[in-house]
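Single-structure report; data block below.
Number of protein chains: 4
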Amino acid sequence: MARHLYLCPLRWSDMDSLRHINNVQYVRYLEDARVDWLFNRGELERGEDEGFLVVRNEVNYRRQLHYRHAPLPVEVWVSRLGHASIEVSYELVDTDEDGARTVYADAKSVLATVDMTTGRPKRVSAEFRAFLEKFLDEPGDSDA
Amino acid sequence: MARHLYLCPLRWSDMDSLRHINNVQYVRYLEDARVDWLFNRGELERGEDEGFLVVRNEVNYRRQLHYRHAPLPVEVWVSRLGHASIEVSYELVDTDEDGARTVYADAKSVLATVDMTTGRPKRVSAEFRAFLEKFLDEPGDSDA
Amino acid sequence: MARHLYLCPLRWSDMDSLRHINNVQYVRYLEDARVDWLFNRGELERGEDEGFLVVRNEVNYRRQLHYRHAPLPVEVWVSRLGHASIEVSYELVDTDEDGARTVYADAKSVLATVDMTTGRPKRVSAEFRAFLEKFLDEPGDSDA
Amino acid sequence: MARHLYLCPLRWSDMDSLRHINNVQYVRYLEDARVDWLFNRGELERGEDEGFLVVRNEVNYRRQLHYRHAPLPVEVWVSRLGHASIEVSYELVDTDEDGARTVYADAKSVLATVDMTTGRPKRVSAEFRAFLEKFLDEPGDSDA
Numbered sequence: 108m109a110r111h112l113y114l115c116p117l118r119w120s121d122m123d124s125l126r127h128i129n130n131v132q133y134v135r136y137l138e139d140a141r142v143d144w145l146f147n148r149g150e151l152e153r154g155e156d157e158g159f160l161v162v163r164n165e166v167n168y169r170r171q172l173h174y175r176h177a178p179l180p181v182e183v184w185v186s187r188l189g190h191a192s193i194e195v196s197y198e199l200v201d202t203d204e205d206g207a208r209t210v211y212a213d214a215k216s217v218l219a220t221v222d223m224t225t226g227r228p229k230r231v232s233a234e235f236r237a238f239l240e241k242f243l244d245e246p247g248d249s250d251a
Numbered sequence: 108m109a110r111h112l113y114l115c116p117l118r119w120s121d122m123d124s125l126r127h128i129n130n131v132q133y134v135r136y137l138e139d140a141r142v143d144w145l146f147n148r149g150e151l152e153r154g155e156d157e158g159f160l161v162v163r164n165e166v167n168y169r170r171q172l173h174y175r176h177a178p179l180p181v182e183v184w185v186s187r188l189g190h191a192s193i194e195v196s197y198e199l200v201d202t203d204e205d206g207a208r209t210v211y212a213d214a215k216s217v218l219a220t221v222d223m224t225t226g227r228p229k230r231v232s233a234e235f236r237a238f239l240e241k242f243l244d245e246p247g248d249s250d251a
Numbered sequence: 108m109a110r111h112l113y114l115c116p117l118r119w120s121d122m123d124s125l126r127h128i129n130n131v132q133y134v135r136y137l138e139d140a141r142v143d144w145l146f147n148r149g150e151l152e153r154g155e156d157e158g159f160l161v162v163r164n165e166v167n168y169r170r171q172l173h174y175r176h177a178p179l180p181v182e183v184w185v186s187r188l189g190h191a192s193i194e195v196s197y198e199l200v201d202t203d204e205d206g207a208r209t210v211y212a213d214a215k216s217v218l219a220t221v222d223m224t225t226g227r228p229k230r231v232s233a234e235f236r237a238f239l240e241k242f243l244d245e246p247g248d249s250d251a
Numbered sequence: 108m109a110r111h112l113y114l115c116p117l118r119w120s121d122m123d124s125l126r127h128i129n130n131v132q133y134v135r136y137l138e139d140a141r142v143d144w145l146f147n148r149g150e151l152e153r154g155e156d157e158g159f160l161v162v163r164n165e166v167n168y169r170r171q172l173h174y175r176h177a178p179l180p181v182e183v184w185v186s187r188l189g190h191a192s193i194e195v196s197y198e199l200v201d202t203d204e205d206g207a208r209t210v211y212a213d214a215k216s217v218l219a220t221v222d223m224t225t226g227r228p229k230r231v232s233a234e235f236r237a238f239l240e241k242f243l244d245e246p247g248d249s250d251a
C-alpha cells in the first residue's frame, strides 16, 4: 500500500480568534488533499463525467495546530473500495528526522462516485479502480 | 428535551464550483450553530475561563443543498453529557407546513471543556451542566 | 435616491487571530450585499444571461469591527451608471436611536455587465437600467 | 528596487460558482503575500509590539483567473513609505519564458503601523524602515 502525500500550505487566515488553526479548516485541508491526489497529479486518466460527492466526513482532532510557514503533510489513502463508493482516510502528521510522528488529526471521508452530467450514482470505472487499488490499505494493516 | 434552533444565513460564496453548498461549509454552519446556542443567546452565565475545544466532528451529507435567500434551520442538542466532554448533535433540516422534514445533513461534535486561561481540561461547571441538561436527549428518545 | 439596506449576518469565523473582523471579510460582505440587492429581493426581472464581473474593489477601513450577534447594516447604492459598467458604493454603518452614524468602512466596486453565456461585455438592459436608476446617487448629493 | 515574490498556492475552494477564482479571494492572496514578506521570511527583526492595521485595499481585476495546481506569483513592493503608514503595491502575474507578463490583477493596500499592545498608532521603527526601503519603488520607476 502507498499513501499519497500532500504538502498542504496553511493560510494565516486559517487561524481563528483562539489563535490556533480552526477546526473547520482541517476539513478544507482534506478537500485539497483529495484534489491534489485525484486531479492535480496527472497520473490518473478519468472520464470527463466521473466525479464525486462527499457523503460523510469525520475528523478526530488530536493536537492543536498553529499557523506556520512550512506546509502541513497530509497522508491520504483508500481504506475501503466499494462499487460506487470509496472511503478515504487521512492523517495530518509531522514526521521528525528519527521518524517519530506527531499526528494533529486523523480523518475519513466517504465519497460516492457520480456521473457529473446527470448527478446519478455511477460505478467506479475499471481505470479508476486500478488507480485506487494502489492506495488501498490491506486488511490486516496495522492501525491506519 | 428541547432542541436549540439556529436559523443559519447562507452566503453566496458557500457554493463551490459544482454550484451547490460545499461540504466544508456545513461544518462552518455547525460552528455558528454552537456559537448562537452557547454564546449569543445570553441565557447562559458562564465563567470567563470556560471554553471548549472541538475534538471530533462527523457529518453525514443526506442531500445536496443549494444557495438560497432563506436561512437554513439547524437544530442542536446534547446527545451525551460527560464530566469534561459533551457530544453535540445537529440536524440541518427544512420542515414544511405539514411538519414533513427534509434533512440535508446530520452531524455530531465532541467538545472538551477547557480552562481558557491555561488550556487544560476542566470539569463542566454546575451552572453549565444545568443549562446543557435542558438540551439533553433522553436515553430511549426516538430518532435523534 | 434610495439606498438598499442589507443586514449582513456576521460569522464567528470572520474574526482573525487579532480578534477583530478580518479586512478580507469586509469584501465578502460587499458581495453578499450585492447578491441581496440584485438577486434575492425579487424586485428585479433580469434576463438569464445578464451577469456581472467585478473589475475593481476599493475599501476604506474606518474603524475596527468586532464579532457580534446583531447583523451589520450595509447600505448599497449606484454612484455611476455607464453603458456596460456600474459603480456601486457601500457604507458599513451602525445608526443609533438619534440617527448618529458609526461608519466601519466605505467601499466601491466597479461591475462590468456581461453576457453570462458567452462571457462577453453586454450593455445594461433597459429593465436593469430602470432598476438601477432608483438607487443612483444624484450629482450634487452630499457626502455619499 | 526589489520586489518580493510570493508564490501563492490556490485552493480548489477559491473558485466560486462561476468556476473562476472569486474576487474576494484575490484580497486573501494579498494578505498571505504580506505575511510571507513581513513575517515568514525571517529577514526582518521586529519588536513584538510592532504590528499593522489595513486601512485601505484596492484591487483592479484585469483577467479572470482559473484554479490551477501551480501557485500564482504575487509581486509585492512598497509604493509609499510614511512615518506611520505604508502603501504596499502588488501584481498577480504570470511571466512566460520570454518574459511576457500576464497580469491578473494589480492592487494596493495602505497599512497603518500600530503598537499591538495598546492598539495606538506608532511610528515605523528604524529597523523596519531599513527593511522596507529595500522594496521601495523609486519615483520615476516605470510601470509599477
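So the protein sequences, as listed, match chains A, B, C and D. Reminder that position 64 of the first sequence reads as 171 in the working numbering, one-by-one numbering, no gaps. Reminder that position 7 of the second sequence reads as 114 in the working numbering, one-by-one numbering, no gaps. Reminder that position 3 of the third sequence reads as 110 in the working numbering, one-by-one numbering, no gaps. Reminder that position 36 of the fourth sequence reads as 143 in the working numbering, one-by-one numbering, no gaps. Idealized CB from N, CA, C, for every residue including glycine.
- Runs of the beta strand (DSSP E) lying entirely within the segment 162 to 230 of chain C, each at least 3 residues long, are 179 to 188, 192 to 202 and 208 to 222 in chain order.
- Judged by pairs of C-beta atoms under 8 Å, the segment 126 to 136 of chain B touches the segment 129 to 140 of chain A, as three or more such pairs exist.
- Contacts with chain B at 8 Å (Cβ-Cβ) include Y168(A).
- F242(A) sits in coil when the DSSP states are folded into three classes, being neither helix nor strand.
- Distance between T202(C) and W119(C), taken at the CA atoms: about 22 Å.
- For L117(C), the three-state secondary structure derived from DSSP is coil.
- The straight-line gap separating the alpha-carbon atoms of E194(A) and L160(D) is approximately 44 Å.
- When 8 Å is used as the limit between beta carbons, N164(A) is near no residue of chain D, the shortest such separation being about 14 Å.
- In terms of Cα proximity to Y168(B), the closest of A212(B), R175(B) and R236(B) is A212(B).
- Here Y197(C) is not near A109(C), since their CB atoms are 8 Å or more apart.
- Scanning chain D for C-beta atoms nearer than 9 Å to the C-beta of D123(B) yields W119, S120, M122, D123 and S124, reported in chain order.
- Secondary structure note for A109(A): it is in no alpha helix (DSSP H), with a DSSP letter that is neither H nor E.
- Per DSSP, the beta bridge partners of F159(D) are T220(D).
- Rounded to the nearest whole angstrom, the C-alpha separation of V221(B) and A191(C) is 56 Å.
- From the listed residues E157(D), R163(D) and S124(D), the smallest Cα separation to E138(D) is found for R163(D).
- Take V166(B), set aside five residues on each side of it, and the residues of its chain with a beta-carbon closer than 7 Å to its own are Y133, V134, A212 and A214, in chain order.
- The alpha-carbon of D123(D) is positioned some 43 Å away from that of A237(B).
- Against chain D, a Cβ distance below 8 Å from P116(A) picks out P116.
- DSSP places N130(D) inside the alpha helix (DSSP H), whose first and last residues are N130 to V142.
- With a contact defined as Cβ atoms closer than 8 Å, D244(C) and S186(C) qualify at about 5 Å.
- Interface criterion not met: the Cβ of R236(D) is under 8 Å from no Cβ in chain A.
- Residues L117, W119, D121, M122 and I128 of the same chain have their beta carbon placed closer than 7 Å to that of Y174(A), with the five preceding and five following residues left out of the count.
- What V131(D) touches in chain B, judged by beta-carbon distance under 8 Å, is S120, going in chain order.
- With 16 or more other CB atoms across the displayed protein chains lying within 10 angstroms of its CB, K229(D) is buried.
- Distance from the Cα of E157(A) is smallest, within the candidate group L114(A), K241(A) and G226(A), for G226(A).
- Interface with chain C (8 Å Cβ-Cβ cutoff): D156(B) is excluded.
- Classified as buried, E182(C) has 16 or more neighbouring CB atoms from the shown chains inside 10 Å of its CB.
- Interface criterion met: the Cβ of E138(C) is under 8 Å from a Cβ in chain D.
- R175(A) is outside the set of residues whose beta carbon lies under 8 Å from a beta carbon in chain B.
- Not a single C-beta of chain C is nearer than 8 Å to the C-beta of V183(B).
- Burial of F242(A) is indicated by the presence of at least 16 other C-beta atoms within 10 angstroms of its C-beta.
- By the CB criterion at 8 Å, L239(B) and L188(B) fall inside the cutoff.
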